[in-house]
Amino acid sequence: MSTHDQEATRSGYPGPGRPTIEQGSGGRARRLPFSLLFGLAIVTLFVLAALFGPMLDGQDPFSQDLLNRNQGPSPAHWAGTDNFGRDVLSRLLYGARLTLIVGAGGVICALIVGAGLSLTALAIGPWLAAAVFGFIDFIRALPGVLLALILIVALGAGLSSVVIALGIAFSPFFAYIARAAWRREMAADYVTAARTLGASRLRILYRHAMPNIGGALITLAAVILPRCIVTESVLSFLGLGVSPDTPTWGRMIADAVPLVERAPHAVLVPVFCLSLLTLALALLGNHVRAAVDPLRAGDPSGRQRW
Amino acid sequence: MAALLDVRDLGIAFPAPNGMLRVVDRVSWRLDAGQTLGIVGESGSGKSLTGLALLRLLPAAARLDPASRIRYRDTDLLDLSEADMRSRRGSGLAMIFQEPMASLHPLLTVGRQVVESIRRHTDCSALEARRKAAALFDEAGLPDPGRIGRRYPHELSGGQQQRVMIAMALAGNPDILIADEPTTALDTTVQAQILDLLRSLQAMRGLAMVFISHDLAVVTSMAHEVMVLRSGRVVESGSTGVVLSAPESTYTQGLVAARRRLSVRAPAATPSRSVGPECALELRDLCVDYPGRGPFARPVRAVDRASLTLSAGRALGLVGESGSGKSTIGKAIVGLARPTSGDLTLFGRPLAGDGWRLSRALRRRCQIVLQNPYGALNPRLTIEQALIEPFVTLGLKPPNGRQSRIVAGLEEVGLDAGFLDRYPHQLSGGQRQRVCIARALMSEPGLLICDEIVSALDASIQFQVLDLLNRMRTARGLALLFIGHDLEVIRYIADDIAVMHRGTIVEHAPADNVLDTPQHPHSRALIDAMPRLDVTAPSEAEDGWRAQHRSA
Amino acid sequence: MVTLLATVLIHIARAALLVFGVTVLVFILVRAIPGDAVDVLAIEGGLTDSQAEAMRAGLGLTASWLDQFTAWCLSALRGELGESLRFHVPVADLLLQAIPVTLALGAASLATGFVLAVAIALIATLRPRSIVASLVDILNIWSIAIPTFCAGLVAILVFSLWLGWLPVLGNFLVPVIILGLDAAGQIVKPLHEEMKELGTAVYIRTARAKGLHPLKIVIGHILPAAAPVLLAMTGLVAASFIGGALTMEVLFGLPGVGSLAFNAVNGRDYPLIQAVVLFLAVAVILINALTDLAQRLVDPRPER
């Protein structure tokens, strides 16, 4: 609400004699909000770039040209070159692919580890659930970046270990949301009714709880995706990314930082792209949340918190 | 003499998917000092919005008819600036609401909330305000008025919370008290106490009151004049005695008749003897404990050595106030709560030996319908999907005859095949409750537990559901355990009545005996507190009062 | 009173169990890292194989994991966290030097974010159509979309290198502002949503029916009711700072726990990693416990 303009006004009241149904706001088609269009456009652009960019660009992201090191933007190299004379734009396009794969992979992994594990445990029984959540509390007690850092060092650098590390680091969010949604569902009258009809816990899970929990999880996934991408870039920045010579954006930034004075473009271009992508994903996430938001709809007490 | 409050052509509309929807339409009435106006109507009649409009507290989406006038003393409240209106709220007009628990700030002490009200309207020191608050608590009949202010709302009972609300409303010395369903959320005995309090406060302070309720009996026991609202329009208004004894509109006649009908027994109350007097349910010294709060807290005894019997074709009414353990008994029977000791026998099968587990076969014979029809159906499943559930979960046979069974079940409860593809939100409360009953009857149970199943429904719908159950009972020899707090409803349907108080059954006897010659003092208190439709209601203003109803 | 004491005891026991579990987890993870400190030193210092073996034995790295773990636990209980394998100074000393830096950075950023978030949420609730109200979404999107290290990099580039206003290393103000904005963005959105929703609560209608001024309602009724959410979010952000401060410390050359952890992991400095992680885990658990306690204090209702 707004405390101050809560006041009901007298304008817009249906006139006397006229039917209660008025032509008005309902008739017009709603325009899509700008933030949704912007987010969609940017994400589509980056996905297309990740898919086809390396083919169209024609430059080799790995070929070194030591005579043209740290060059600013030019017709030959639109985004300049880095410290080894490699083309920044083509590395950027190639990096988009890795960045998106790692981000999406991390979210999916977190969804499977966090939600899959906790829901299975909850459906099977309270004791197993207590054990699983005890474990998740352990994970939670370590800061995400630090946990991912240790995991990557332990598993060895590489695409799959980064995905796994991100998945484990973000899994508690999914587990807690799944548990909260499950508890709310179990308290719902229709689940009580189902229990008196002799429905098993497993049936309650997939028939009654899953549709509502699913919405909450999708919403969370949309919110976590940009955070996953950012965390990956932080890890790369700290030197623990996919591998030293695969150019994710974080890696490109990290490699360019020591020479930031001589070649600021090599830092700024990936920083800009990274921010733009996460911005677009964040905007889309907000819209997903508004569209799905199953926990808010219907049950005003069941608020979503994470 | 000019009226204290003169409402003319009040109209409220809300934006709806296809235009503006008028929910209150050209409602006019006046209220004199010291008088009470009762506004009666079912849900959706616009009665609560009418009350909120007086304080200009309508939701932001609401639109007021430009012709509306709310004249209080010599100003039109609708013409005031927001700041001027604020100074009238609480001091000129004050309001109390339906659910006292939700109406009090949960994280502030009640004393602080009342003191805040006092200091808003009178210029006084904090100490003085605290003293005044204690006086108000005393006036509102709260125990230990000097110290109760340090408590938080959740530490008080529902009745005490409403007394706090009343004290808060009186803090600004208002002329008019608007009471919006002030006792609906309370137990009957507490309701009677709060109504007494309101009456005495009105007499002491000369308050004018607008009393809004769905319950005709409650309103007429309070009001000098009554206005009946339906779908936002005034269908009847006049002095209480006249409206009750000679209602003009068919709607009001229906309301009065509905209330009167409840005061007699259901038409087919004699059970059909076609089925043998098989014992459907027997409780022997059943105890149910709930775990206490906190890890080492002692368990709380919800049901204490309860013994009951119910045979096929009979209806047993289980009455008691909230927290008396009546719902817990229902839950224990269907396995939603685990008894601690005693025994529970369903159709001759004792459950204590089986670890209180109901076999599938027993589950089919013993079903429950829950209180809230709005929550008991999964919003994402169609009615057909909801009705198929028992076939899957209870392993019921006929797979090809399923469709026709479902349709037959729907028709049995007065719905038709057209409802199959609908979702619960497209149904009214009464229709949903019928679907719930149909679902419970799918497995052809011999015992149906009805846990407060009509208390969320409007009076006119309550009946239809009760009559439906009664028909089922005679047609199928169904045993009914009818749990409720409303003695009128129980009287209508029950052969026997068991009265519960703090976990124990204090009286268990044929309905007439309990109602006419109650043995236990608690049963007597319950019966005395029952709101009655009394034609000789307080109505000193029989001098032809008529609301200025300018619908033409 | 007895139940309250029992609850507190159970909380402490649970926290202790968590700390122990985290210690085991980290011990195993750290030992699973391929290569050890001696390998790293061997590459850097050119040790022969036999020299390396002797060094391992001297450092106790040849013993079984279980023996290493019990040895470490026993000394940790005495308050001895061992000696850094690389810097040859007691780990505790390194940690004690680093903690104040991280604490100052975290506390200053959190305070900035908290004050900013509360102020913006208050104004946005009171004046939903004002410019401040749109700041809620802008700040929130900023905190999600702009990684702190990106903001830090750009800030260094612009303010230190191009404009020359601030020193590149050891600068405290810029990281505090960046982390503060990040915290504010994370806190302000849920807080504002909660306050908006609470505005429709029945008891807020009661407050309006009393004739209270909107400002008084927002500060005296809505904000206290939103306090549990505010505290929960602040606790979450505080816990996340322990990781988030890491990049800031590395980037701005602040000698805090984050820099220490970074160096320790890269150098396979087992005792140091173990100690840093233990410290961070205890800090997170402590923050969570404090959040819990604070929430109980503002909300007197029994847990549902």
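Read top to bottom, the protein sequences are chains A, B and C. Quick note on my numbering: the first sequence kicks off at 1 and runs consecutively. Quick note on my numbering: the second sequence kicks off at 307 and runs consecutively. Quick note on my numbering: the third sequence kicks off at 859 and runs consecutively. We put the beta carbon where it would ideally sit given N, CA and C, even for glycine. On a predicted model such as this, the values are computed, not experimentally measured, just so you know.
Beta-carbon proximity of residue i to residue j, cut-off 9 angstroms
i: residue 216 (chain A); j: residue 207 (chain A); result: no
i: residue 319 (chain B); j: residue 369 (chain B); result: yes
i: residue 1043 (chain C); j: residue 1098 (chain C); result: no
i: residue 329 (chain B); j: residue 315 (chain B); result: no
i: residue 813 (chain B); j: residue 803 (chain B); result: yes
i: residue 984 (chain C); j: residue 1072 (chain C); result: yes
i: residue 876 (chain C); j: residue 141 (chain A); result: yes
i: residue 746 (chain B); j: residue 652 (chain B); result: no
i: residue 277 (chain A); j: residue 43 (chain A); result: yes
i: residue 399 (chain B); j: residue 484 (chain B); result: yes
i: residue 791 (chain B); j: residue 661 (chain B); result: no
i: residue 95 (chain A); j: residue 270 (chain A); result: yes
i: residue 755 (chain B); j: residue 811 (chain B); result: no
Where the alpha helix (DSSP H) containing residue i begins and where it ends
i: residue 499 (chain B); result: 494-511
i: residue 584 (chain B); result: Here residue 584 (chain B) belongs to no alpha helix (DSSP H), and DSSP marks it neither H nor E.
i: residue 167 (chain A); result: 159-187
Reduced DSSP category for residue i - H, G, I as helix; E, B as strand; rest coil
i: residue 1162 (chain C); result: Residue placement at residue 1162 (chain C) is flagged as unreliable, the pLDDT there being 47, under the threshold of 50; the coordinate-derived value follows with that caveat. The answer is coil: DSSP assigns residue 1162 (chain C) none of H, G, I, E or B.
i: residue 606 (chain B); result: strand
i: residue 662 (chain B); result: coil
i: residue 814 (chain B); result: strand
i: residue 1023 (chain C); result: coil
i: residue 1120 (chain C); result: helix
i: residue 627 (chain B); result: coil
i: residue 515 (chain B); result: strand
i: residue 1050 (chain C); result: helix
i: residue 1058 (chain C); result: coil
i: residue 794 (chain B); result: helix
i: residue 87 (chain A); result: strand
i: residue 874 (chain C); result: helix
i: residue 431 (chain B); result: coil
i: residue 688 (chain B); result: coil
i: residue 366 (chain B); result: coil
i: residue 321 (chain B); result: strand
Boundaries of the beta strand (DSSP E) in which residue i is found, first to last residue
i: residue 677 (chain B); result: First-last for residue 677 (chain B): undefined, no H or E at that position.
i: residue 326 (chain A); result: Nothing in the structure corresponds to residue 326 (chain A), since chain A is present only between 1 and 306.
i: residue 401 (chain B); result: 399-402
i: residue 652 (chain B); result: 645-652
i: residue 332 (chain B); result: 325-337
Spatial distance of residue i from residue j (CA atoms)
i: residue 460 (chain B); j: residue 467 (chain B); result: 8 angstroms
i: residue 1150 (chain C); j: residue 1089 (chain C); result: 9 angstroms
i: residue 39 (chain A); j: residue 223 (chain A); result: 13 angstroms
i: residue 1142 (chain C); j: residue 1135 (chain C); result: 10 angstroms
i: residue 1014 (chain C); j: residue 273 (chain A); result: 18 angstroms
i: residue 47 (chain A); j: residue 237 (chain A); result: 22 angstroms
i: residue 535 (chain B); j: residue 518 (chain B); result: 10 angstroms
i: residue 1155 (chain C); j: residue 1040 (chain C); result: 27 angstroms
i: residue 41 (chain A); j: residue 173 (chain A); result: 28 angstroms
i: residue 416 (chain B); j: residue 433 (chain B); result: 16 angstroms
i: residue 1032 (chain C); j: residue 262 (chain A); result: 22 angstroms
i: residue 21 (chain A); j: residue 981 (chain C); result: Any reading at residue 21 (chain A) must be qualified, since the residue scores a pLDDT of 33, below 50, and its modelled position is unreliable; no value is offered.
i: residue 100 (chain A); j: residue 155 (chain A); result: 21 angstroms
i: residue 1052 (chain C); j: residue 711 (chain B); result: 47 angstroms
i: residue 7 (chain A); j: residue 386 (chain B); result: Caution applies to residue 7 (chain A), whose pLDDT of 48 falls short of 50 and renders its modelled position unreliable; the value that the coordinates give is listed next. If I take the Cα positions, the gap works out to 12 angstroms.
Residue-chain proximity (residue i, chain E), Cβ-Cβ < 9 angstroms
i: residue 196 (chain A); result: Of the protein chains in this structure, namely A, B and C, none is chain E.
Contained beta strand (DSSP E) runs [length at least 3] in the stretch 899-974 of chain C, N- to C-terminal order: Fully enclosed beta strand (DSSP E) runs of 3 or longer: not present.
Secondary structure, alpha helix (DSSP H): runs of 4+ residues fully inside the stretch 723-771 of chain B: Counting only unbroken stretches of 4 or more residues, the alpha helix (DSSP H) elements lying wholly within the stretch 723-771 of chain B are 735-747, in sequence order.
Contiguous beta strand (DSSP E) assignments of at least 3 residues, all confined to the stretch 110-160 of chain A: Taking only runs of at least 3 residues, no beta strand (DSSP E) segment lies wholly in the stretch 110-160 of chain A.
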